[in-house]
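Novice: Numbering (this note's numbering), first residue to last: -9 to 918. Even for Gly, the Cβ is constructed at its ideal location relative to N, Cα and C. For reference, the structure I am asking about is given below.
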């Protein structure tokens, strides 16, 4: 059998090269999809998951936790510190539990720095996080020097970006101040090391320090001492008597990084930690770093979109691989069956024939799959390397999972064997003489056509039902399975309808004379060959159109979701003395002369004068990359109708025009169109009432609720309604609502992650506040957008490769078709068709088939892409008031796909037509 298989490979090289190419094409796409998935996971780990990337396991508050802050305090307590480990480190298999505790502090500014600092007059805001005993748990790489020594209160490690800005290096000294006043006590520290810049969204915009727990506790004590001294100076007699250490409060940690002992079973340790959390009454989850990062994405997006999309992409790639290989083999089945029947007529047994086929398929399958895996690795490496050179996409990382690559080789080999067996079965189920007869192609009216029609219709209708059901229920697994089944049904029916469509389109080729008429007739005379040739391009164009439509829809939908769930980019908490000046003069020379028309009317009870608030607003509005600034004034509190636990929340008032200028997105619906109108109030998504009572200094008012999709904003009413319940114009200090005035800001679209720290610094300086008073979800939105854009960049580039793969598939199928029809072409030459006429006939036939396949593929791809986008994004869309996710069709790209497909069909026909034209009629007719 092996000898027979090798002789076939040696005697029919052109046939097997085409088969090898088909396997390589299919496996290349499958491996590329899996490599994009593993590289996407690695890239996610380097961005949103960078904080957890060095740990074995991560313990974090559960999304269902009733008291998230209390859970974070418990996590810090059970983890302990490097000097005093907590009970969490006693769990079996745990080597160290590192609670990520952050202490805000000020770092001395450089001598040539302009303006006021973002923490104090001469200091900038920094986040000091403690260093674990096992420093390999620190997410940021140590680029120079060492971490602070254990127990040291005089050493720090500094992020390299800040070190460059401050002009310091390892061995340099600087000062840290826990207090914000100019005369606050400082601590001189030595820079012992430099670290990379953290990708943690909560650390963006701040100087990043690494300190020992001893220094962190000393800084907290310094802060408490300054506060008690300030309170004592203000006449609060009990403040000085209080013990500062008792006022320090408890540490809290958003997560705990777990390092396991060598050889510990991961699943067993995870279970033990979960049992520990349950026993301690801590509402926390335990997960691997990759899963924790994906959960963070799911928490922000409202759905684990990342995992779903990658799983669907891999499933689609597997289907495409199977279709490409089986389609190529379908062109060979007829000729292959006759060859095998001849071998049986010469004495080969059924077993020998099947064994030879399996051996051939195994050899070709392994070789083709190995080439495909190598080619895919090179393509994805090049794409990731190219993408990482673009600004803001340096996080892109290539990662290959060996199991995925081995699976690709196995899939390629198995699919090749299965596809090859169709020819062997056709030749061994019947007598050799019957197998050598020409097979009747499936067509409407014969038995094969009837069977194909029935099975194809069942697959198409059943698949469509599954696809629609999966889309309605937002079940991606069912939707993908239904879509795949329906597409298989389309391919099964292609032999019945594609030739007819090509025949209609062929009417346009009549002016070409005999070649045009022959090209049209050929498509109908041999429907199986026409369908197989069209299927190669149909698969490719459907895939490309689907991914383009799905990707464009995803990008549009994510922009909409971001704008809705993160409606306000930045929030600045003002305080007495905010702003660059104590007063602002307009053209009349009077402070706050435009208070009647703007938000400068009444600043609340924080000691902030109206002119100070207005000065802060105008100063911040003048900062580069700030497109809008709205001033929010404390106006009252929510009533009991807000819901349990939501009463007495501070309510703010703002000028309607200013409010609309900074709120970027609202859930769809009639209520969103009333934003800023009198009698309405903007509320977070935690308030579910239709109306809300707000109580102010002079009474209460019931307002219609305008719901947002965000949980991080405060309720905001109009100035007109606020005045009705006691918000006085001017800077009244008594009788006003409790709370601190805020600025809501709209950042420019051009702001990047790298530029966010500078923007926060400039805003803090303009507003005259420390940088820890700036909050908002802009950093999370930017980071998430960068991740999505980076993945789309790689997938889009991969689609370009898919187009190339489809075009190669067309050329491959046309080449096989030319081999199969050598006698047919030679007969037409013998009957008088010229070489030029033969080339023209084959070219027109290829153009007609390619054009029809591209149009059908674009139509199918748009439908599948739209349904897939709805399936993935429907749960998130419901949260912002959308019932249907409408597809965004890239019309220009679709036109390009059709044009390129037609051109590709024409180019793909050149080589086969040249070979057919050069073959002498007598020689071609002699081919068996």
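Can you tell me whether residue 253 is buried or exposed? The criterion is at least 16 other CB atoms within 10 Å of its CB, across all chains shown.
Specialist: By the neighbour-count rule (16 or more Cβ atoms within 10 Å), residue 253 is not buried but exposed.
Novice: Give the C-beta separation of residue 531 and residue 891 to the nearest angstrom, bearing in mind that I take them to be a contact with Cβ-Cβ under 8 Å.
Specialist: With 8 Å as the limit, residue 531 and residue 891 qualify as a contact, their Cβ atoms being about 6 Å apart.
Novice: List the endpoints of the continuous beta strand (DSSP E) containing residue 560.
Specialist: From DSSP, the beta strand (DSSP E) with residue 560 extends over 560 to 563.
Novice: Quick one: any contact between the region 260 to 275 and the region 70 to 86, if contact means 3 or more CB pairs under 8 Å?
Specialist: The region 260 to 275 vs the region 70 to 86: in contact.
Novice: Leaving aside the five residues before and after residue 293 along the sequence, list all residues of the same chain whose C-beta is less than 6 Å from its C-beta, in chain order.
Specialist: Unreliable placement is indicated for residue 293, whose pLDDT of 48 sits below 50; the coordinate value is still reported in the next sentence. Contacts found: 865, 866.
Novice: Reducing DSSP to helix, strand and coil, say where residue 73 ends up.
Specialist: In the structure shown, residue 73 sits in coil (DSSP, three-state: anything other than H, G, I, E or B).
Novice: Where do the N-terminal and C-terminal ends of the alpha helix (DSSP H) with residue 136 fall, by residue?
Specialist: Neither: residue 136 is in no alpha helix (DSSP H) and is coded neither H nor E.
Novice: At what residue ranges does the region 686 to 719 contain a whole run of the beta strand (DSSP E), taking only runs of 3 or more?
Specialist: Within the region 686 to 719, the complete beta strand (DSSP E) runs of at least 3 residues are 689 to 697, 706 to 708.
Novice: Would you please state the rounded distance, in angstroms, between the beta carbons of residue 839 and residue 860? I believe it to be under 8 Å.
Specialist: Not a contact, Cβ separation roughly 32 Å.
Novice: Name, in chain order, the residues that DSSP records as bridge partners for residue 929.
Specialist: Here the chain covers residues -9 to 918 and nothing more, so residue 929 does not appear.
Novice: When burial is assigned at 16 or more other CB atoms within 10 Å of the CB, is residue 725 buried or exposed?
Specialist: No answer about residue 725 holds up, because its pLDDT of 41 lies below 50 and its placement is not dependable.
Novice: In chain order, which continuous runs of the beta strand (DSSP E) of length 3 or greater are located wholly inside the region 853 to 904?
Specialist: DSSP runs (the beta strand (DSSP E)) wholly in the region 853 to 904: none.
Novice: Just reading off the alpha helix (DSSP H) that residue 640 is part of, what are its end residues?
Specialist: Unbroken run through residue 640 is the beta strand (DSSP E), 640 to 644; no alpha helix (DSSP H).
Novice: In its own chain, which residues sit with a C-beta less than 8 Å from the C-beta of residue 180, not counting the 5 before and 5 after it?
Specialist: Within the same chain, residue 180 has close Cβ partners 144, 145, 146, 161, 162, 163.
Novice: Residue 576: buried (16+ other C-beta within 10 angstroms of its C-beta) or exposed?
Specialist: The predicted model places residue 576 with a pLDDT of 37, which falls under 50 and marks its position as unreliable; any figure quoted below should be read in that light. Classification for residue 576: exposed.
Novice: Candidates 709, 190, 118: which alpha carbon is nearest residue 203's?
Specialist: Ranking 709, 190, 118 by Cα distance to residue 203 puts 118 first.
Novice: Tell me the DSSP bridge mates of residue 210?
Specialist: Beta-bridge pairing links residue 210 to no other residue.
Novice: Go through its chain and collect everything with a Cβ distance to residue 668's Cβ below 7 Å, but skip five positions before and after it.
Specialist: Correct list, in chain order: 708, 710, 711.
Novice: Give me whichever residues DSSP pairs with residue 145 in a beta bridge.
Specialist: In the DSSP output, where bridge partners are listed per residue, residue 145 has 180.
Novice: Using DSSP with H/G/I as helix, E/B as strand and the rest coil, what is residue 457?
Specialist: Helix at residue 457.
Novice: Compare the C-alpha of residue 134 against each of 151, 676, 604, 666 and name the closest.
Specialist: Closest by alpha carbon: 151.
Novice: Please say whether residue 547 and residue 863 have beta carbons closer to each other than 8 Å?
Specialist: Yes. Within cutoff.
Novice: Say whether the region 502 to 522 touches the region 825 to 845, bearing in mind that this needs 3 or more beta-carbon pairs closer than 8 Å, one atom from each stretch.
Specialist: Yes: at least three Cβ pairs fall under 8 Å.
Novice: By the DSSP assignment, the alpha helix (DSSP H) with residue 667 in it spans what residues?
Specialist: Here residue 667 belongs to no alpha helix (DSSP H), and DSSP marks it neither H nor E.
Novice: Per DSSP, residue 468 is paired with what?
Specialist: The partner list for residue 468 (beta bridge, DSSP) is empty, contrary to what the question assumes.
Novice: Taking only the alpha-carbon atoms, compute the straight-line gap between residue 682 and residue 641 and give it to the nearest angstrom.
Specialist: Near 11 Å, if we compare the C-alpha coordinates of residue 641 and residue 682.
Novice: Indicate the three-state DSSP secondary structure (helix, strand or coil) for residue 506 in the structure shown.
Specialist: Here residue 506 sits in helix by DSSP.
Novice: Pick out whichever of 244, 153, 696 has its Cα sitting closest to the Cα of residue 59.
Specialist: It is 244 whose Cα lies nearest to the Cα of residue 59.
Novice: Which of the three DSSP states is assigned to residue 337 in this structure?
Specialist: Three-state DSSP puts residue 337 in coil, outside helix and strand.
Novice: Based on Cα-Cα distance, which residue from 675, 676, 637, 698 lies nearest to residue 664?
Specialist: The candidate whose alpha carbon is nearest that of residue 664 is 698.
Novice: Pick out whichever of 271, 248, 69, 563 has its Cα sitting closest to the Cα of residue 241.
Specialist: Measuring from the Cα of residue 241, the nearest candidate turns out to be 69.
Novice: Compute the Euclidean distance between the alpha carbons of residue 213 and residue 109, then round it to the nearest angstrom.
Specialist: Each residue's alpha carbon lies about 13 Å from the other.
Novice: Please list, in chain order, all residues of the same chain as residue 18 whose beta carbon is under 6 Å from its beta carbon, the five residues on each side excluded.
Specialist: So the list reads 362, 365, 366, once near-sequence residues are dropped.
Novice: Going by DSSP in three states, residue 624 sits in which element: helix, strand or coil?
Specialist: Of the three classes helix, strand and coil, the one that applies to residue 624 here is strand, per DSSP.
Novice: Residues in the same chain with beta-carbon distance under 8 Å from residue 56, minus the five sequence neighbours each way, listed in chain order, please.
Specialist: Around residue 56: 273.
Novice: Residue 596 to residue 730, Cα distance in whole Å?
Specialist: With a pLDDT of 46 at residue 596, under the threshold of 50, the modelled position of this residue cannot be trusted, and the question is left open.
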